[in-house]
Amino acid sequence: MRLRVLDLFSCAGGAAMGYHRAGYTVDGCDIADRPRYPFAYHRGDALEYLADLTTTGDIDRYTLVHASPPCQAGCALTVGTNRSQGWGGPHTDLLAATRVLLDAAGLPYVIEQPNGRAEIRKDLSLCGEMFGLGVLRHRNFELGRWATTQPAHPRHRGYVRGHRHGVHRNGPYVAAYGNGGGKATVPEMQTAMGITWTDVREELTEAIPPAYTQWIGHAFLTARQEVFA
Numbered sequence: 036m037r038l039r040v041l042d043l044f045s046c047a048g049g050a051a052m053g054y055h056r057a058g059y060t061v062d063g064c065d066i067a068d069r070p071r072y073p074f075a076y077h078r079g080d081a082l083e084y085l086a087d088l089t090t091t092g093d094i095d096r097y098t099l100v101h102a103s104p105p106c107q108a109g110c111a112l113t114v115g116t117n118r119s120q121g122w123g124g125p126h127t128d129l130l131a132a133t134r135v136l137l138d139a140a141g142l143p144y145v146i147e148q149p150n151g152r153a154e155i156r157k158d159l160s161l162c163g164e165m166f167g168l169g170v171l172r173h174r175n176f177e178l179g180r181w182a183t184t185q186p187a188h189p190r191h192r193g194y195v196r197g198h199r200h201g202v203h204r205n206g207p208y209v210a211a212y213g214n215g216g217g218k219a220t221v222p223e224m225q226t227a228m229g230i231t232w233t234d235v236r237e238e239l240t241e242a243i244p245p246a247y248t249q250w251i252g253h254a255f256l257t258a259r260q261e262v263f264a
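All residue numbers in the sequence shown are consecutive under the working numbering, ending with 264.
If you want it as structure tokens, here you go:
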């Protein structure tokens, strides 16, 4: 059976590459121009695109939908920075709207979010150490219409390299976010996450390592086979 993933809010394709390596065909959608996205790509509003695919029935050509909606309102970094600076104000939160449309689409899905206050069901949590990567990059995943077993979370081997609260530490992981303070260089981020097709810093700092979705892709196939066994 042909396996196809719709990759919404696709950014530069970290998630997409993992599904590809797990044997899926991948189509991406993002509101920004992503010339380095390595697969078929639709530029546009991801939620409008999903709604249109559902209305026309074209959603049925997909096996699974993956979505990484922006949720700055629940991001730990945003919340912490705002608190320390006395800032407030609204932030983008498309998580709830994404879930409503995914439920309407009727397909199995994966919603990905970073650690923070995002109102997501943490059916699965992955970390770079699970895959021997040079980043920690904890990510949570809500699974719709399917389930899998949470893998063991191995103990971290040390610190993330860089400055934190005025103290510089060395460690086996690089800080693949922001600038300054010992943050990773572009080549370091590429190596640490296994991403070679983009050298745009902003894309790398937002990406999830392909190893995560490669694992998810295989787990979904196992769950699917068990259902139809």
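For every residue, glycine included, the Cβ atom is placed at its ideal position computed from N, Cα and C.
Note that the structure is a prediction, hence the values are computed from the model and not measured.
Residue i (DSSP reduced to helix, strand or coil)
i	result
Q148	strand
H203	strand
G79	coil
L256	helix
A102	strand
E177	strand
G53	helix
R37	coil
G213	coil
G124	Its pLDDT being 45, under 50, G124 is placed unreliably by the model, and the measurement read from it follows with that caveat. Coil, per DSSP.
Y208	strand
R118	Since pLDDT at R118 reaches only 43, below the 50 mark, its modelled position is unreliable, and no value is offered.
L43	strand
D138	helix
V195	strand
G158	Here residue 158 is Asp; the residue named in the question, Gly, does not match the sequence. In this structure, D158 counts as coil in the three-state DSSP scheme.
T248	helix
G283	Outside the shown range of the chain, which is 36 to 264, sits residue 283, and nothing can be said about it.
D65	strand
E91	According to the sequence provided, residue 91 is Thr. The question's Glu does not apply to it. If DSSP states are grouped into helix, strand and coil, T91 belongs with the helices.
T183	coil
T133	helix
Nearest candidate by alpha-carbon position, reference residue i, set the options
i	options	result
M165	I251, D42 and I230	I251
H198	W232, E261 and G215	G215
L256	Y144, G229, A139 and G201	Y144
Q225	K218, G217 and D234	D234
T98	V40, D68, Y72 and E83	V40
C64	R174, A102 and A57	A102
P222	E147, G169 and R192	G169
T60	G48, R69, P70 and A67	G48
R134	G151, V100 and P149	V100
H200	G217, T90, H55 and L85	G217
E154	L171, L129, A139 and D138	L129
R152	P105, H253 and L171	P105
Per-residue burial, residue i [other beta carbons within 10 Å of its own, 16 or more giving buried]
i	result
D62	buried
L141	It is Gly, not Leu, that sits at residue 141 in the sequence shown. Exposed: under 16 other Cβ atoms inside 10 Å.
H203	exposed
F44	buried
F263	exposed
G167	exposed
T248	buried
Check: residue i C-beta below 6 Å from any heavy atom of the ligand SAM
i	result
P70	This structure does not include the ligand SAM; it has no bound ligands of any sort.
Chain D within 7 Å of residue i, Cβ atoms only
i	result
G63	Absent from the structure is chain D; it holds one protein chain and no more.
(request) Could you tell me whether the segment 73 to 87 touches the segment 239 to 256, using the rule of 3 or more Cβ pairs below 8 Å? (result) no
(request) Inspect the CB distances between the segment 185 to 195 and the segment 161 to 176 and report whether three or more fall short of 8 Å. (result) yes
(request) Report yes or no: do three or more beta-carbon pairs, one from the segment 145 to 158 and one from the segment 171 to 182, lie closer than 8 Å? (result) yes
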